[in-house]
Amino acid sequence: MAITLKDIAEKSGVSTSTVSRVLNSETQDMVNDKTAKTVIYWAKKLGYPAYIEKNNIDGKNIGCILSEVTSKFDHPYFSSIIKKIEAEIKKRGHKLAFLEVEEDIKNENSIDKILNQNLDGVISISDHLSYEIYKKINNKTENIVFIGNRFQRYKKDTVSVNREEAAYKAVRYLIKQGHKKIGFIGGGIFPVPMEKTKRYQGFLRAMNESELEINTNGVGKGNWKVESGYELMEEILEKSDITAAFICSDQMAIGALRLLHNKNIKVPEEFSIISYDNVKMSKFTNPPLTTINVPKEDLALMAINALLMRIDGKMNLPCNILLPTELIKRESVSKLND
1 MAITLKDIAE KSGVSTSTVS RVLNSETQDM VNDKTAKTVI YWAKKLGYPA
51 YIEKNNIDGK NIGCILSEVT SKFDHPYFSS IIKKIEAEIK KRGHKLAFLE
101 VEEDIKNENS IDKILNQNLD GVISISDHLS YEIYKKINNK TENIVFIGNR
151 FQRYKKDTVS VNREEAAYKA VRYLIKQGHK KIGFIGGGIF PVPMEKTKRY
201 QGFLRAMNES ELEINTNGVG KGNWKVESGY ELMEEILEKS DITAAFICSD
251 QMAIGALRLL HNKNIKVPEE FSIISYDNVK MSKFTNPPLT TINVPKEDLA
301 LMAINALLMR IDGKMNLPCN ILLPTELIKR ESVSKLND
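Mapping of the sequence shown onto my numbering: residues 1 to 338, in sequence order.
Okay, structure coming up:
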C-alpha cells in the first residue's frame with residue numbers, strides 16, 4: 001500500500017497540512033524545528049517516496065558505465081538491463097548517472113565531469129573497458145561491479161551467466177535432435193579471437209564430446225547485428241552442408257531466418273536454428289526462436305545488490321556471481337529426418 005501524507009500525519013501527531021508544509025522546502029520554515037524533525041523522521045521511516053526521491057535520504061550516488069553498443073535504450077538485449085537498473089535505483093532512493101565510455105574516452109572533460117560527482121559506486125555494462133578508464137573510475141571509487149564480461153585483471157565483482165555452459169546446452173540440444181553437421185555464428189566487436197570466446201568453447205566441447213567433426217566453413221563471426229546474421233548465413237550455406245546452427249544472439253538469428261526465408265529453406269523442417277539471449281522479439285519471429293534465456297533483469301538486480309553490499313562494507317573479497325540460463329524451446333528446431 002502506498003504511503004500517504006495522512007499516514008505520516010497520524011504517526012507524527014499533526015495535521016496533513018503541517019506534513020505538507022514540512023515536506024515542501026519552500027514552506028518548511030513555517031513549522032517549528034521539533035515538529036519538522038518528527039515529520040521528517042516518519043517520512044523517512046515509512047519510506048514516503050516523494051520525500052526520499054527529492055532529498056536522497058540515505059541515498060547513494062551510483063554511476064553506470066555504458067559502451068557505444070550497450071548505451072542504446074532501444075537495444076533489444078541491453079535496454080532490459082539498463083531500464084531495470086534505472087527503475088530499481090530510483091525505487092531504492094538512490095541517484096544514477098550514466099557515462100558512455102567510447103564517446104567519452106576522447107573527451108577527458110566529459111569523463112572528469114561525471115567522476116567529479118560524489119560517486120559511491122559504479123556498475124559497468126560496457127563490453128570493453130580500457131585500463132585508462134578503469135583507473136580513473138577506481139581512483140574515484142573502488143566499489144565497482146561488472147555485468148557480463150569478467151575483467152579478471154581488475155579483480156572486481158562480476159555478475160554474469162556461464163556462457164560456455166549455455167552454449168554447450170544449446171548445441172547438445174541440437175545433437176539430441178539428430179543433427180551432426182552443426183554450424184556456429186559468433187559475435188564480437190573487439191579483436192578477441194572467436195576461438196577464445198566462452199560460447200565457442202561451449203560449442204566445441206559439445207561437438208567434441210559427441211565426436212562430431214567441426215566444418216570450419218560452417219563457422220563465422222559477426223557483429224551481433226541482424227545484417228551480419230543474414231550475410232554469414234548466406235556465406236555458410238554456400239560453403240558447407242550443415243543442417244543446423246547455434247547463433248550467439250537473437251538479433252543475428254533473425255537475420256539468418258530472413259536469409260533462409262529468401263532462399264525458400266524451411267525452418268525447422270529443412271534447417272534448425274537455436275539462438276541466445278531470449279529478447280522479447282524472439283517469440284514473435286517466424287518461426288518463434290528456440291533460444292537460451294539470459295535473466296537480464298536478475299543480472300541488474302544482483303549487480304545492484306552486490307554494489308550496495310560493497311558500499312556498505314559487507315563484502316571484502318571480489319566475487320563472481322553466475323546466474324543460471326534456461327533453454328526456451330519454441331519452433332525453430334526439429335528432429336533431423338534421416
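For each residue, glycine too, the CB sits at the ideal point set by N, CA and C.
Restricted to the region 154-222, the beta strand (DSSP E) segments that are unbroken, complete and at least 3 residues in length are 157-161, 182-187, 219-222, listed in chain order.
Counted as a single uninterrupted DSSP element, the beta strand (DSSP E) harbouring D277 occupies residues 272-277. No Cβ-Cβ contact shorter than 9 Å links K221 with G255. Remark: three or more beta-carbon pairs, one from each stretch, lie closer than 8 Å, so the region 325-336 and the region 270-278 are flagged as touching.
As DSSP reads the structure, F246 sits in a beta bridge with F184, I274. Cβ neighbours of T38 within its own chain (closer than 8 Å, five residues either side excluded): S12, G13, V14. Sequence-distant Cβ neighbours of E234 in its own chain, meaning closer than 6 Å and more than five residues away, are L259. When secondary structure is reduced to three states using DSSP, E100 falls in the strand class. By the Cβ neighbour-count rule, F78 is buried, with 16 or more other Cβ atoms within 10 Å of its own. One thing to note: C64 has its Cβ within 9 Å of the Cβ of V122. The beta-carbon distance between G218 and I236, rounded to whole angstroms, is 5 Å. This is short enough to meet the 8 Å contact definition.
Residue range 131-140 is occupied by the alpha helix (DSSP H) that includes E132. With a cutoff of 9 Å on beta-carbon distance, K156 and P318 are scored as near each other. Remark: C-beta atoms of L129 and Y154 approach each other more closely than 9 Å. Taking the Cα of H261 as reference, the smallest distance to any Cα among P287, A244, Q251 is reached at P287.
With at least 16 other beta carbons inside 10 angstroms of its own, K140 counts as buried. As a beta-bridge residue in DSSP terms, T290 pairs with I274. Using a Cβ distance threshold of 9 Å, L23 and L66 do not count as a contacting pair. For the 9 Å CB-CB criterion, V161 and A306 do not form a contact.
P268 counts as buried, since at least 16 other C-beta atoms from the protein chains shown sit within 10 angstroms of its C-beta.
A buried status is given to T290, since no fewer than 16 other beta-carbon atoms sit within 10 Å of its beta-carbon. A straight-line Cα-Cα distance of about 20 Å links K196 and E211. Across the structure, K45 and T35 are spaced so that their CA atoms are roughly 15 Å apart. Residue environment analysis places A167 among the buried positions, since at least 16 neighbouring C-beta atoms fall within 10 angstroms of its C-beta. Taking all protein chains shown into account, S282 has 16 or more neighbouring C-beta atoms within 10 Å of its C-beta and is therefore buried.
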